[in-house]
Every structure is written in structure tokens, then in C-alpha cells.
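Here is the structure we will look at.
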Amino acid sequence: MVVDTFPEAFTDAEIDRIFHALADATRRDIVARTMRSDQSVSALARGYDMSFAAVQKHVAVLAGAALVHKERRGREQLVRAVPETLHRAGVLLERYAALWHDRAATIEAILAEDGYPPHEASSSTRRKDPR
Amino acid sequence: MTVISSAADPQALTMTFVAEFTAPPARVWQVWEDPRQLERWWGPPTWPATFTRHELTPSGQSRYHMTGPEGEKAPGWWTTLEVEEPTRLLIEDGFSQPDGEPDPEMPTMRLEVSFDAIDSGTRMTILARFTDLDQLEKVAAMGMIEGMTGALGQIDALLA
Chain A
215 MVVDTFPEAF
225 TDAEIDRIFH
235 ALADATRRDI
245 VARTMRSDQS
255 VSALARGYDM
265 SFAAVQKHVA
275 VLAGAALVHK
285 ERRGREQLVR
295 AVPETLHRAG
305 VLLERYAALW
315 HDRAATIEAI
325 LAEDGYPPHE
335 ASSSTRRKDP
345 R
Chain B
1431 MTVISSAADP
1441 QALTMTFVAE
1451 FTAPPARVWQ
1461 VWEDPRQLER
1471 WWGPPTWPAT
1481 FTRHELTPSG
1491 QSRYHMTGPE
1501 GEKAPGWWTT
1511 LEVEEPTRLL
1521 IEDGFSQPDG
1531 EPDPEMPTMR
1541 LEVSFDAIDS
1551 GTRMTILARF
1561 TDLDQLEKVA
1571 AMGMIEGMTG
1581 ALGQIDALLA
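Top line first, the protein sequences correspond to chains A and B. If you read the first sequence in this note's numbering, its first letter stands for residue 215, the second for the next number, and so on. If you read the second sequence in this note's numbering, its first letter stands for residue 1431, the second for the next number, and so on.
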């Protein structure tokens, strides 16, 4: 395994906070709601069967993990998702998938030496098993 | 190329990858079982893998290192948890310490591999399950190195 980390890597403490923050269903739902549009904490609280203070705590956990950003506007506290943080895990998984694409291509080349030709269909057009 | 699909689930930290080959399962199994074939494809082109131990048996141990362009070594290990030749493998994969033995401080990942016989050959399905984002981040770095160096040149070399 390569031990290099690429630029903009998370620190261990950041990773711990993100995992803890996303481990809760209410907090995941808050991220989803604030991804669509900014929400005040009171508007969010109306959507859950829990107290305003409890929702405020969830928002604080998410803000600590940089999954949402809090901003005071007048008497309201607006909550906005920070999609970059949430997308990071998806980006990492895509990079990992790219590694397997290349591994499969090399396996195919090894098998071709034994006379097993590559499939004719191109990977760029075949997204689903046609059978 | 043979890639049928790949799908990532960021919340579950899993990745599923499906590829098809025209060779039968018994032949595709060999690229995992034979360390000389395995080390040709496990590491990125600029970080070729060397397997110094490889036992594809229940509780079997594998030790490998990948050697970087400056001669630096990145050691890793496998424990084969379940093996049903030539249809299924469950492997635990982790980072090693500089002495080549598993680093107990580092998180591990699991690879579940199935080899299904299909009319045209074999469908190989990889289900990779990460225990945390830190592990995924380090492993994904390999995918990025691969992308930057261009695996196609190496594949052409293999086919020549």
C-alpha cells in the first residue's frame, strides 16, 4: 500500500468528527435538508420530534465536522451544508474504483497471453450487463 | 475492456466493482493464487508489488511490499479469511510496519471477491469494505498515482 497522502487530506481528528457526525440519522437528514437550501435552526426543529435545543446540538456536531456552516442572520441562525466535505468520501471511493479499473485491465492483459482475448464491448459504452 | 460497472456508497464506505473476462473462473483464480501473476497487477505501474509470502488458504498469510520510483517501500499484508476455489475469496488487507509485519495501529479493509462462470467466461465481482475514511484515503492515493502515470502504456507493453 502506498503511504503517500494526496493534497487536502483530512487529519485524523477531522475524520473522527465526520464519522461521528454522520453516524446519526437525524444529522444525516439535516445535511440532506440544508444541501437543498439554507434552513434556520427553528425551521429544522419543526421537522423533527425533538426539542429546539436537541436540534441545535445536532447542528453543532455537524458544524464541528465542517459538514454544515452556521451563520447568524438577525435573530435567526441559518444552517447551510458544506457539500465539499460530504463529497470527499465519494471522491475517494471513485479514485479507489479507478485503481480496480486499471487492475482489471492488467489482469485482462495477463489472460490474453494465454489466448483469452478481451471482450469486444467497450467499457465506456457498457454500463450495464446486457444479458 | 471488460469493466461492466463500479459503484461507490460513501455512507457505507463500500465500493463494488464488476469486470468480465473471457477466461474460465479457474484461470482467473490463478491471477490471485499465483504470486508471480498477482504481483504483476496488484501494484500501480510506478509502485510494482513483490509478494514475499502468499498463502491463499483459510487463515493463510500474505506479505508484500510495493516499491516506489525512488526505491521507497510500502509494505502490506493479507489474511485470507475464507476461500472457496475457484468461486469466492474473503481477504483482509492492511498496512505493515517497516519490518513487513502487520501494523496493529492501522485500520484494515476487507475484500470479498466472487468469480461467477458466465457464458462468455468469468464475471469477477469485488466488494471492498473500508472500516474508516483514513484507510480509504491512503488506499485511494494508489488510484490517483495510477491515473497520473497512465496504466495504458504498461498494458500495451504486456500485450506486445
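Glycine is no exception: its CB is placed at the ideal position from the N, C-alpha and C atoms. Fair warning: this is a prediction, and the values are worked out from it, not measured in the lab.
Are there 16 or more other CB atoms within 10 angstroms of the CB of residue i, so buried, or fewer, so exposed?
i	result
T248 of chain A	buried
P1528 of chain B	exposed
H1484 of chain B	buried
P1455 of chain B	buried
E1512 of chain B	exposed
P1440 of chain B	buried
P1532 of chain B	buried
A1504 of chain B	buried
T1538 of chain B	buried
R1466 of chain B	exposed
P1499 of chain B	exposed
G1473 of chain B	buried
F1560 of chain B	buried
A1438 of chain B	buried
Report the option in the options whose CA atom is closest to the CA atom of residue i.
i	options	result
T1506 of chain B	B:P1516, B:T1517, B:E1522	As written in the sequence, residue 1506 of chain B is Gly, which differs from the Thr given in the question. Closest option to G1506 of chain B, Cα to Cα, is B:E1522.
A1558 of chain B	A:W314, A:A326, A:I324, A:T320	A:W314
E1514 of chain B	B:L1486, B:E1567, B:P1532	B:L1486
A246 of chain A	A:R289, A:A318, A:V293	A:V293
L236 of chain A	B:A1442, B:A1453, B:P1454	B:A1442
V1554 of chain B	A:A326, A:R317, A:E327	Position check: residue 1554 of chain B holds Met in this sequence, whereas Val was assumed. Nearest C-alpha to M1554 of chain B: A:R317.
V1448 of chain B	B:Q1467, B:T1552, B:W1462	B:T1552
I244 of chain A	A:H234, A:V269, A:R231	A:V269
A1547 of chain B	B:T1444, B:W1459, B:D1564	B:W1459
E290 of chain A	A:A259, A:E298, A:I232	A:A259
How many Å lie between residue i and residue j at the Cα?
i	j	result
R1457 of chain B	S1436 of chain B	23 angstroms
P1488 of chain B	G1530 of chain B	21 angstroms
V296 of chain A	M264 of chain A	24 angstroms
A257 of chain A	R250 of chain A	14 angstroms
E1535 of chain B	H272 of chain A	30 angstroms
E1450 of chain B	A323 of chain A	13 angstroms
V275 of chain A	E308 of chain A	27 angstroms
T320 of chain A	E1502 of chain B	23 angstroms
K1568 of chain B	A312 of chain A	14 angstroms
Y262 of chain A	L306 of chain A	32 angstroms
V255 of chain A	R241 of chain A	13 angstroms
F1525 of chain B	T1509 of chain B	12 angstroms
A279 of chain A	E1469 of chain B	39 angstroms
A326 of chain A	T1452 of chain B	9 angstroms
H234 of chain A	L281 of chain A	11 angstroms
Q253 of chain A	D1564 of chain B	31 angstroms
I1556 of chain B	T1476 of chain B	23 angstroms
S1550 of chain B	A277 of chain A	51 angstroms
D1464 of chain B	D238 of chain A	44 angstroms
L1566 of chain B	E298 of chain A	17 angstroms
W1462 of chain B	Q1491 of chain B	13 angstroms
M1445 of chain B	R231 of chain A	22 angstroms
Going by the DSSP bridge assignment, what does residue i pair with across the sheet?
i	result
W1507 of chain B	B:R1493, B:G1524
V282 of chain A	A:A295
G1551 of chain B	B:I1548
V1543 of chain B	B:L1519, B:I1556
M1445 of chain B	B:A1438, B:A1558
S1479 of chain B	Here the sequence assigns Ala to residue 1479 of chain B, which means Ser is not the residue at that position. Paired residue(s): B:M1496.
S254 of chain A	A:L292
R287 of chain A	A:E290
F1451 of chain B	B:T1552
V1513 of chain B	B:L1519
H315 of chain A	DSSP lists no partner for H315 of chain A.
Does residue i get closer than 8 angstroms to chain D when you measure Cβ to Cβ?
i	result
Q1467 of chain B	Among the protein chains of the structure shown, namely A and B, there is no chain D.
Are there any heavy atoms of the ligand GDP lying less than 7 angstroms away from the beta-carbon of residue i, as far as the coordinates show?
i	result
F1525 of chain B	Annotation note on the ligand GDP: not contained in the displayed structure, which lists no ligands.
Check whether the region 1495-1508 of chain B touches the region 1471-1482 of chain B, counting contact only when three or more Cβ pairs, one atom from each stretch, lie closer than 8 angstroms. Yes, they touch.
Quick check: the region 1541-1560 of chain B against the region 1511-1519 of chain B, are there 3 or more CB pairs under 8 angstroms? Output reads yes: the region 1511-1519 of chain B touches the region 1541-1560 of chain B.
Quick test of the definition: if touching needs 3 or more C-beta pairs under 8 angstroms, does the region 276-290 of chain A touch the region 322-333 of chain A? No, the region 276-290 of chain A is not in contact with the region 322-333 of chain A.
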